[in-house]
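For the sequence shown, the numbering used here gives the first residue as 329, with consecutive numbering after it. Note that beta-carbon positions come from the ideal geometry of N, C-alpha and C, so glycine has one too.
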Amino acid sequence: MNNFTNVPELIFKLGGTGSVSKLLKTNPSTISNWKKNNKIPKSYMNKLDILLKKKNLLTYTEYESNTRITSLKKKSKFSILVIISGGVSCYKVLELLRLYHNNNFDIDVVLTESAQKFITPLVVTSLINKKCYTELFSSEEEENMNHINLARNKDLILVAPCTANFVAKITHGIADDLASNIILASDSKILIAPSMNPYMWENKATQDNLKILRQRDIDLINPNSGLMACGEVGKGRLPDINEIFSFTRNYLLKKKEKRHTGFESKLKILITAGPTQEKIDPIRYVSNNSSGKQGYALAEEFLKLGAHVTLISGPTNINKPNVNKFIEVVSAEEMLSQVENNIDCDIFISSAAVCDWKLIPYTLKNKKLPKNDKLKKNKDIFFKLETNPDIIKFVSQNKKRPTLVIGFAAETKNLIPNATKKLEEKQLDMIIANLIEKENAIFGKEYNKIFIIDKQCKIQKSEKLTKHEIANLIISKTLKLHEEKYAKNYN
Ligand SMILES: Cc1cc2nc3c(=O)[nH]c(=O)nc-3n(C[C@H](O)[C@H](O)[C@H](O)COP(=O)(O)O)c2cc1C
C-alpha cells in the first residue's frame with residue numbers, strides 16, 4: 329500500500345480533482361477536502377493504490393509540466409536545430425518538439441523529403457509556432473542561404489530519427505538536400521539518434537559508417553532493442569522521448585557550464601555493481617546474492633544515451649557491458665579505492681551490494697590467524713567482525729562530491745523507513761528501495777519492483793518491470809534531478 333504523504337501531488341498525478349472524483353465516483357468537493365487536509369480516508373486508500381499502479385508514474389504530462397515549471401522560472405534558452413529524416417519513428421519526435429517548445433528552447437526544424445511522407449511541415453509549425461524548413465532551393469531572398477544560416481549559431485544539431493540513409497550521407501559528405509547540406513556546413517555539435525530495422529542497423533555498411541562518425545566526434549544516442557514497427561524484433565528502436573529530451577537538456581546545460589568553467593561536457597556516470605567478496609582465508613570468502621544485473625542495466629542504458637560510463641563491478645557471472653571504463657574488483661576495500669580513483673564524475677550510483685563486514689579468524693586464545701594460511705577443520709577458531717568502509721558515505725561527504733549521489737537499499741522489512749533513514753544519514757540525493765520478499769525475489773532475476781525516494785521524501789513506486797525498464801525509470805528521474813541541480817548554477 330502507498331504511503332500517501334503528499335495528497336495534492338497524488339491527485340495531480342492522477343489527473344486532478346475532476347478526474348479523481350470521476351474515477352472514484354465521489355463528489356469533487358470531497359477530493360478538494362482531501363487535498364486541503366492532506367489526508368485520505370482509509371477506505372479509499374486501496375482504490376487509489378490500484379489507480380496509481382495502473383498508471384505509469386512517470387507520464388509525459390507529469391514530466392513535461394514539472395520541467396516546464398522549472399524552466400519557465402529559470403528562463404532557459406538553448407538554440408537547437410532538429411533534423412527529422414524519413415523513418416517510421418518520425419511521429420514520436422513530434423512529442424520531443426513539443427517538449428522543447430514548451431520548455432522555452434529556441435528551436436528550428438528541418439524535414440527531409442522522406443520525413444514528409446510520415447509527418448507534415450504543417451504539424452511541425454503548429455507545434456513550434458515557427459516555419460518548418462524543407463527546401464534547399466528557395467526563390468525567397470531571406471531563405472536562399474538556409475543551408476548556411478540554419479547551420480550556424482546552434483548549441484546543438486540533433487538528427488532524430490536518423491535513418492540509415494542519412495547516416496550514410498553524413499559519413500560520406502553527400503549534400504543533396506537541405507538537411508545534409510546543413511550538416512556539411514555546420515560548426516555546431518551534432519548528435520544523432522539512429523532508428524531503423526534491426527537488419528539495417530546490424531548491416532556492416534551502417535556499422536562502419538557509425539564507427540567513422542564516432543571518430544569524427546559526432547555523438548550517438550543508441551537505439552533500444554525490442555519489437556519494431558515492421559514486426560521484427562531486435563535493435564533499432566528510437567529511445568524513449570523523455571530520455572532524449574532529458575539527455576539533450578543535460579547535454580546543453582553541461583555545455584553551458586563548459587563555457588563558464590572549461591570542463592568536459594559529456595555527462596560522466598560512475599556506477600558500482602555486483603557483490604563484494606571478503607576473504608576468510610586464501611580459499612574461502614563471505615559474499616551475498618547480488619548478481620550485478622541492475623547495475624549493469626543502468627550502465628548499458630546510460631551508455632545508450634551517450635554518457636561516459638565507468639562501471640566498477642564486484643565478481644559476477646554476467647557479460648561485461650561495453651562501457652567506457654570497466655573495472656573489476658573483489659573486496660569492499662578494492663571497490664572503495666577504485667571509486668576514489670574515479671570520483672571525478674557528475675553522477676555516482678551505488679548499486680553494488682557491498683558486504684558490511686569481513687570475518688577475521690582468531691584462535692580461542694584471541695590470537696589472529698595468519699591470513700595466508702588455509703583454516704583447518706579440526707582447529708578451534710572463532711570470527712571477529714570487522715566493519716567494511718562505507719563507500720557511498722565516503723563519496724557523498726567527499727570534497728569532490730559528484731552533483732548527484734544515488735544509493736540502493738534492499739530490506740526485508742520496514743522498507744520505506746529504513747531506506748529513508750539511509751538516504752538522510754548518508755546525505756544522498758535519491759535512494760532506490762527494494763523489498764526482498766518471496767514475491768520480489770530480485771537477486772539474479774530479470775525483473776524488479778522498486779520505490780524511488782528523493783530528498784524531499786517523495787516516493788514513487790514502480791510496477792514489476794524488467795531490470796532494463798527499471799534502469800530507464802531511474803535514469804529519467806536521475807537526469808531530471810541533475811538538470812534541476814544544474815539549472816540552479818548555470819541558467
Ligand atoms: C514505411 C517505411 C518506413 C521506414 N522506416 C525507416 C526507418 O525507421 N529507418 C530508416 O533508416 N529507414 C526507414 N525507411 C527507409 C527510408 O525512408 C529511406 O531510406 C529514405 O531514403 C530515407 O531518406 P532520408 O534519409 O533523406 O530521410 C522507411 C521506409 C518506409 C517506406
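{"Asked": "Residue 440 CB to nearest heavy atom of ligand 1 below 7 Å", "Found": "yes"}
{"Asked": "Start-end ranges of the beta strand (DSSP E) lying completely within the segment 504-548, minimum 3 residues", "Found": "518-522"}
{"Asked": "Closest residue to residue 652 among 790, 753, 374 and 628 (Cα-Cα distance)", "Found": "628"}
{"Asked": "Spatial distance of residue 486 from residue 661 (CA atoms)", "Found": "43 Å"}
{"Asked": "Given 8 Å, three or more beta-carbon pairs between the segment 714-733 and the segment 619-633", "Found": "no"}
{"Asked": "Ligand 1 heavy atom lying under 7 Å from the CB of residue 851", "Found": "Outside the displayed range of the chain (329 to 819) lies residue 851, so it cannot be described from this structure."}
{"Asked": "Cβ-based burial, residue 710 [other Cβ within 10 Å; buried from 16]", "Found": "exposed"}
{"Asked": "heavy atom of ligand 1 below 7 Å from residue 493 C-beta", "Found": "yes"}
{"Asked": "Reduced DSSP secondary structure (H/G/I, E/B, other) of residue 393", "Found": "In this prediction, residue 393 has a pLDDT of 40, which is less than 50 and means its spatial position is unreliable; what the coordinates show is noted afterwards. Three-state result, residue 393: helix."}
{"Asked": "Close Cβ partners of residue 649 (< 6 Å) along its chain, the five nearest in sequence each way excluded", "Found": "624, 627 and 628"}
{"Asked": "Cβ pair count under 8 Å reaching 3, the segment 690-704 against the segment 738-751", "Found": "no"}
{"Asked": "Residue environment, residue 400, which counts as buried when at least 16 other CB atoms sit within 10 Å", "Found": "Note that residue 400 scores 33 on pLDDT, short of 50, meaning its location in the model is unreliable; the coordinates nonetheless yield the value given after this. The residue in question, residue 400, is exposed, as its Cβ has fewer than 16 Cβ neighbours within 10 Å."}
{"Asked": "Proximity below 8 Å, CB of residue 537 to CB of residue 496", "Found": "yes"}
{"Asked": "Check whether residue 421 and residue 489 have beta carbons under 8 Å apart", "Found": "yes"}
{"Asked": "Check whether residue 517 and residue 610 have beta carbons under 8 Å apart", "Found": "no"}
{"Asked": "Rounded straight-line distance, which links the Cα of residue 454 to that of residue 546", "Found": "30 Å"}
{"Asked": "Any non-hydrogen atom of ligand 1 closer than 7 Å to residue 336 Cβ", "Found": "no"}
{"Asked": "Coil, strand or helix - residue 708 by DSSP", "Found": "coil"}
{"Asked": "Given 8 Å, three or more beta-carbon pairs between the segment 506-516 and the segment 458-465", "Found": "yes"}
{"Asked": "Between the CA atoms of residue 567 and residue 576 - distance to the nearest angstrom", "Found": "13 Å"}
{"Asked": "Alpha-carbon spacing of residue 811 relative to residue 643, whole angstroms", "Found": "33 Å"}
{"Asked": "Same chain, Cβ closer than 6 Å to residue 442, five either side skipped, listed in chain order", "Found": "414"}
{"Asked": "For residue 446, three-class secondary structure by DSSP", "Found": "helix"}
{"Asked": "Residue interval of the alpha helix (DSSP H) (run including residue 500)", "Found": "Element bounds for residue 500: n/a, residue is neither H nor E."}
{"Asked": "Backbone secondary structure at residue 565 - three-state DSSP", "Found": "strand"}
{"Asked": "Distance CB(residue 425)-CB(residue 456) smaller than 8 Å", "Found": "yes"}
{"Asked": "Residue 452 beta carbon near ligand 1 (any heavy atom closer than 7 Å)", "Found": "no"}
{"Asked": "Neighbourhood of residue 339 by C-beta, 8 Å cutoff - its chain only, sequence neighbours within 5 removed", "Found": "345, 348, 359, 362 and 363"}
{"Asked": "Check: residue 416 C-beta below 7 Å from any heavy atom of ligand 1", "Found": "yes"}
{"Asked": "Inter-residue spacing [alpha-carbon to alpha-carbon] between residue 570 and residue 720", "Found": "28 Å"}
{"Asked": "Exposed unless 16 or more other CB atoms sit within 10 angstroms - verdict on residue 659", "Found": "buried"}
{"Asked": "C-beta contact flag for residue 781 and residue 802 at 8 Å", "Found": "no"}
{"Asked": "Cβ distance (whole Å) where residue 597 is taken to contact residue 655 below 8 Å", "Found": "In fact, because the Cβ distance is near 14 Å, the residues do not count as touching under 8 Å."}
{"Asked": "Cβ separation of residue 680 and residue 604, assumed to be a contact under 8 Å, to the nearest whole Å", "Found": "7 Å"}
{"Asked": "Whole runs of the alpha helix (DSSP H) within the segment 645-721, excluding any shorter than 4 residues", "Found": "660-669"}
{"Asked": "Top-ranked residue by Cα proximity to residue 608, from 579, 437 and 686", "Found": "686"}
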